[in-house]
Each structure stands twice: as C-alpha cells, then as structure tokens.
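Engineer:
There are 2 protein chains.
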Amino acid sequence: MKNTILFRQLLDYETNTYTYIIADADTLEAVIIDPVYEMADRDEKLIKELWLTVKYFLDTHVHADHITGSSELKERLGTGQIWVGEQNKGISHNDLFLKDGEILTVWNIHIKVLETAGHTGWCVSYVIDDMVFTGDLIFVRGSGRTDFQSGSNQKMFYNVRERIFTLPNSTKIYPGHDYNGNMSSTVGEEKLYNPRLKEANNYEDFETIMKNLKLPYPKKLEASLPANMKCGHRCG
Amino acid sequence: MKNTILFRQLLDYETNTYTYIIADADTLEAVIIDPVYEMADRDEKLIKELWLTVKYFLDTHVHADHITGSSELKERLGTGQIWVGEQNKGISHNDLFLKDGEILTVWNIHIKVLETAGHTGWCVSYVIDDMVFTGDLIFVRGSGRTDFQSGSNQKMFYNVRERIFTLPNSTKIYPGHDYNGNMSSTVGEEKLYNPRLKEANNYEDFETIMKNLKLPYPKKLEASLPANMKCGHRCG
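These protein sequence lines are chains A and B, in that order.
At position 16 of the first sequence (counting the first as 1) the number is 16 in the numbering used here, and the numbers step up by one without a gap.
At position 174 of the second sequence (counting the first as 1) the number is 174 in the numbering used here, and the numbers step up by one without a gap.
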C-alpha cells in the first residue's frame, strides 16, 4: 500500500461485518466501503476526528445481514455520493450507478470497479492499489453463500477464478466478513488454501461443497433487503 | 510499513485479544506477538500455510484475561524462542529475558523493546518500523486497567506520555485489545482524542478517570496468571 493512503478496517461485532475507510493522506478525501447502519455513531466520529471528507459511499452489494450505513452517514456528514450498480434498477436514494470496469478517483487513489456477482445477482469488488475489497464474494478461506437473492455458484466460481485470481498473487484480499478473527488474505494464499475456491478444485468440487452447506436462513433478511434497496435511507 | 514486511492482525472473539504476526517477506522468518492459547489451531495452520519460521514469541505482559499461546505454538512448531521481561523473576519456560532498549532482529526487521509498565508491574511495547504494539498500555481511544497485578496510574501516564507519545505522530498503534471494532490508531490521533491520556489531560484528570472506572473483576484471572507465569506451558 502506498504511504499516501490512509487505511482503516473496522469491525461490527454483531454481524461480523468489515467496514473500510480509504483516504488520500494528503487531501483527506475518502471513500467508505460497506458501512453498517448501527455503527454510524462510531464511524461518523472517526471520520470527523480524522478530518476526512467523504467523496464516495461504496457498498459491495445489497446486504441481507445488515443495513448499510451509507445514507445515514451521508446525511450526517453532509457530503459524499452513494454509488450502486447499474443492475440494481429498483434501488433508490443512490446518486449514481456504477459500471463494470469504471474507475473512480479520489485524488491519487484509483478505485477500479469489478463486477463480481455470485453471492447475489449483483455484487462488485473494488481494486485499490495492491488491495481488493471483495465483499461477500470470497472470504479468508471461505466465500459468501449463494442460496438467495439470485446467488449463483457458476457466477461466483467464474468471477473468483477470472476476476480475482487473475490479480497479482501479492494483492491483499479484504473481505466483507470473517468469523474466525482473520482480517485479510492474499490472492496467492486463496489460490492455494481456500477450501471452496482454490485452484486445485474444479467447478464440480465447488458446487458440491456449496450444495451441502445447509446454512440457516439469514435472520435479518426481511429487515435488511427493503432497507438496503433504498440505501439505508432513514431506517432508524 | 515496508513492502518487505508480511503483517497479519488476528482477533480472538472471546477475549477481544489481538495477535500479530510480523515476518520478513523474503526469508519468511517471523515473530508472533501475544498469541492466545485457545487459538493455537488457527495460528499454527496460518503459520504453516505461509511457510513461516517463527524466531520469537513475544508477549507484551503476563495477561490476566487469557492464557498465552506461546508455549503451545513453540511446542507444535518446534521452533522459536520465548522472551519475557527481566523483571518477571518468578516466570518459567521462557528462553530468554528482554531488557528495556534491547533490539531483536528478524533479518531486516528490527524490534525495539520499550519497557512500558502501568497496566501491570511489568509490560513492554514493541516498535517495528512505523508500528508500535502497545499491549494493554494504550488502546484505540482507551487504555488498559491499572487496578491489579501491580498496575500503576503513575507508570501508565508516564510511559504513554514519555515513551509512546514521543514516537512520530504517524506511528501506527496496534493495541492488545479493542471492544469497538477498531484495529489500529496512530500516535497523533491518541494525543488528540484518547479520552484518558490525550495531551489536553493532566495527570490528575487521568487519575480521576481511572479511579472511577468501576470495572468488574477479571473473570479469567485465577486461571490465566499461574498459567502465564509458566508461559502457558502445557495448559490444555
């Protein structure tokens, strides 16, 4: 990571969600990836303490396990634009739509948008410098689930293999969640060790694993989906 | 942080403890700071997956809230030396004693030992490159408690002000614990915003805050202290 990048990873203990603040260290212009509604007090305080001006609120997808903090923070801070994917036609309260391959800039920071569906029908990853923020596509030694919200095993496998594993091996992976106390990984590590998506597995191996996960129903889904379809606007 | 440093921060959810792995990226020689006994499976697996050879196990102090994983990992991995402070005369199963000001080297990584008592009668911080690992001396916007194990408000205040706040403002602070989802801070931030130890507070302010904390008795103290006095040796 360049020395000119200010970087913070934050955890919401209740939903195991990671939020990321990335800022240009000289101008203090910032982007926030995947803020959590309930953590708005903490995040607002930190953003103000660091004298940051938020330019973009970037969610990786429409979350089912928590409500995004994007609208709440935008309203409190009075700055920033909320960007969501162009496929999310029913969404409201966003400022702009993201396209695959688009590059957002925050002074000297370039944020490349990769369309990486699989966990849901529309997800993106963000590549910044030597880091990739993968949301619920690939986790440290795991992956997001694919069994609701138009999730797709085929898309997840394709997007990890063709869009994440084609980044340099040293690229740091910063996931949307972790449940074992890991903060990050690298592309090289996940190619070797990800039990679901490693290079030694073929698609049939992956599909068998995903079909046998037997995961519980997401407990916050009914509240989260409609709220996130309006970018978490006035959910309190 | 130099690009030649491999860095991992790990969390134990049960005790909110952070463990750190720092390695020379070329030779893969590593140090582990504050491993947790119950997380030995995770940590052993990660160390092996990253092909690391552990040279030093470094605890910041004799913990009261968890048992160190140092002895267990040393035994499982068959490498590494456990270093503890020279003031800990009653301790056993360590290989060597640390002195204030000592510099340990792991190839191109230099680890400077700072004696920083306060949370307990003996604690150290480790300075590596642009990072300082402060154990339970100073947290992100907080500090360790001082009400047992020969803790001292005077020593904590002195050591934070004279030994941590004299590092460059950009130095990253990596604490032993956090309870709000923060992973790190900087010296500059804590000088301004630490509610207990910020520069705007004098010693009397700090002492008043610490005397009014009314913290519960550490629930794992009876198990942790005797186990940690033998570096967590065969505690399973």
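Even for Gly, the Cβ is constructed at its ideal location relative to N, Cα and C.
1) Let me know the secondary structure DSSP gives A:THR208 once reduced to three states.
2) Determine the chain A residues that contact B:LEU167 at a beta-carbon separation under 9 Å, and present them in chain order.
3) Starting from the beta carbon of A:LEU10, find every residue of chain B whose beta carbon is closer than 9 Å, and list them in chain order.
4) Indicate the three-state DSSP secondary structure (helix, strand or coil) for A:SER152 in the structure shown.
5) In chain order, which beta strand (DSSP E) runs of at least 3 residues are fully inside the segment 62–132 of chain B?
6) Between the Cα of A:ASN228 and those of A:LYS45, A:GLY101 and A:SER92, spot the shortest distance and give me the residue it belongs to.
7) Closer than 9 Å, CB to CB, is B:GLU44 near chain A or not?
8) Using a Cβ-Cβ cut-off of 6 Å (strictly less than) and excluding sequence neighbours within five positions of A:TRP107, which residues of its own chain qualify?
9) Flag this pair as yes or no: are the beta carbons of A:ASN182 and A:SER143 separated by less than 9 Å?
10) With distances taken between CB atoms, is the gap from B:GLY118 to B:MET156 smaller than 9 Å?
11) Under 6 Å Cβ to Cβ from B:PRO218, same chain only, skipping five residues before and after it: list those, please.
12) Would you tell me roughly how many angstroms separate the C-alpha atoms of A:GLU222 and A:LYS89, rounded to the nearest one?
13) For a contact defined as C-beta to C-beta under 8 Å, what are the partners of B:LYS49 on chain A?
14) When you compare the segment 159–168 of chain B with the segment 176–190 of chain B, are there three or more beta-carbon pairs, one atom per stretch, that lie closer than 8 Å?
15) Reducing DSSP to helix, strand and coil, say where A:LYS55 ends up.
16) Could you name the residues of the segment 10–31 of chain B whose beta carbon sits closer than 7 Å to any beta carbon of chain A, in the order they occur along the chain?
17) Alpha carbon to alpha carbon, what distance is there between B:VAL127 and B:VAL113?
18) Report all residues from its chain with a CB closer than 6 Å to the CB of A:SER185; omit the five preceding and five following residues, and keep chain order.
19) Consider the Cβ of B:MET210: report whether some Cβ of chain A lies at a distance smaller than 9 Å.
20) Considering only C-alpha positions, which residue in the set A:ASP136, A:ILE5, A:LYS48 and A:GLU102 is nearest to A:LEU73?
21) Using only alpha-carbon positions, find the residue among A:ILE209, A:SER150 and A:ASN180 that is nearest to B:GLN9.
22) Would you list, in sequence order, the uninterrupted alpha helix (DSSP H) runs of no fewer than 4 residues that lie entirely inside the segment 160–224 of chain B?
23) Between which two residues does the beta strand (DSSP E) holding A:LEU46 run?
24) In terms of residues, what are the limits of the beta strand (DSSP E) holding A:ASP26?
25) At which residues does the beta strand (DSSP E) containing B:LEU6 begin and terminate?
26) List the DSSP bridge partners of B:VAL36.
27) Taking A:ILE33 as the reference, which of A:ARG234, A:PHE7 and A:MET210 has the closest Cα?
Structural biologist: If we stick to the structure as given:
1) Taking the first sequence and counting its residues from 1, one reaches residue 208 of chain A at position 208. Note: A:THR208 maps to helix in three-state DSSP.
2) To locate residue 167 of chain B, count along the second sequence from 1; it is residue 167. Going along chain A, no residue has its Cβ under 9 Å from B:LEU167, so there is no contact; the nearest lies around 17 Å.
3) Mapped onto the first sequence, residue 10 of chain A falls at position 10. ASN180, GLY181, ASN182 and MET183, listed in chain order.
4) To locate residue 152 of chain A, count along the first sequence from 1; it is residue 152. In the three-state scheme derived from DSSP, where H, G and I count as helix and E and B as strand, A:SER152 is classed as coil.
5) Along the length of the segment 62–132 of chain B, whole beta strand (DSSP E) runs at least 3 residues long occupy 81–85, 96–98, 103–106, 109–115 and 124–128, reported in chain order.
6) Start at 1 with the first residue of the first sequence, and residue 228 of chain A comes out as number 228. Nearest of A:LYS45, A:GLY101 and A:SER92 to A:ASN228, Cα basis: A:SER92.
7) Working through the second sequence from its first residue, we reach residue 44 of chain B at position 44. So no, B:GLU44 is outside the interface.
8) Here residue 107 of chain A refers to the residue found at position 107 when the first sequence is read from its first residue. Listed in chain order, the non-local C-beta contacts of A:TRP107 below 6 Å within the same chain comprise ASP24, THR27 and GLU29, local neighbours out to five positions each way being set aside.
9) As a working note, residue 182 of chain A is residue 182 in the first sequence. As a working note, residue 143 of chain A is residue 143 in the first sequence. No, the pair does not count as a contact, with Cβ atoms beyond the cut-off.
10) Residue 118 of chain B sits at position 118 when you count from the first residue of the second sequence. Residue 156 of chain B sits at position 156 when you count from the first residue of the second sequence. The Cβ atoms of B:GLY118 and B:MET156 lie closer than 9 Å to each other.
11) Indexing the second sequence from 1 puts residue 218 of chain B at position 218. So the qualifying residues of the chain are ALA64 and ASP65.
12) The residue given as residue 222 of chain A occupies position 222 in the first sequence. The residue given as residue 89 of chain A occupies position 89 in the first sequence. Rounded to whole angstroms, A:GLU222 to A:LYS89 spans 19 Å at the Cα level.
13) Indexing the second sequence from 1 puts residue 49 of chain B at position 49. First, the residue type needs correcting, since residue 49 of chain B is Glu and not Lys in the sequence shown. For B:GLU49, the residues of chain A that pass the 8 Å Cβ criterion are GLU189, LEU192 and TYR193, in the order they occur in the chain.
14) Touching, yes.
15) Locating residue 55 of chain A in the first sequence gives position 55, counting from the first residue. Here DSSP, grouped into helix, strand and coil, assigns A:LYS55 to strand.
16) The residues in question are LEU10, LEU11, ASP12 and TYR13.
17) In the second sequence, counting from the first residue as 1, residue 113 of chain B sits at position 113. In the second sequence, counting from the first residue as 1, residue 127 of chain B sits at position 127. Going by the C-alpha atoms only, they are around 7 Å apart.
18) Taking the first residue of the first sequence as position 1, residue 185 of chain A is located at position 185. Non-local beta-carbon contacts of A:SER185 in its own chain, meaning distances under 6 Å to residues more than five positions away in sequence, involve VAL140 and ILE173 in chain order.
19) As a working mapping, residue 210 of chain B is identified with position 210 in the second sequence. No, B:MET210 does not count as interfacial toward chain A.
20) In the first sequence, the residue the question calls residue 73 of chain A occupies position 73. Residue nearest to A:LEU73 within the set A:ASP136, A:ILE5, A:LYS48 and A:GLU102 is A:LYS48 (criterion: CA-CA distance).
21) Mapped onto the second sequence, residue 9 of chain B falls at position 9. Of the candidates A:ILE209, A:SER150 and A:ASN180, the one whose C-alpha sits nearest the C-alpha of B:GLN9 is A:ASN180.
22) Listed in chain order, they are 187–193 and 203–211.
23) On the first sequence, position 46 is the one that residue 46 of chain A refers to. Annotation for A:LEU46: no beta strand (DSSP E) segment contains it, though the alpha helix (DSSP H) segment containing it runs 40–49.
24) Against the first sequence, residue 26 of chain A aligns to sequence position 26. From DSSP, A:ASP26 is part of no beta strand (DSSP E); its letter is neither H nor E.
25) Numbered from its first residue, the second sequence carries residue 6 of chain B at position 6. From DSSP, the beta strand (DSSP E) with B:LEU6 extends over 5–12.
26) Taking the second sequence and counting its residues from 1, the one referred to as residue 36 of chain B is at position 36. In the DSSP secondary-structure assignment, B:VAL36 is bridged to B:THR68.
27) Looking up residue 33 of chain A in the first sequence gives position 33. Ranking the options by Cα distance to A:ILE33, first place goes to A:PHE7.
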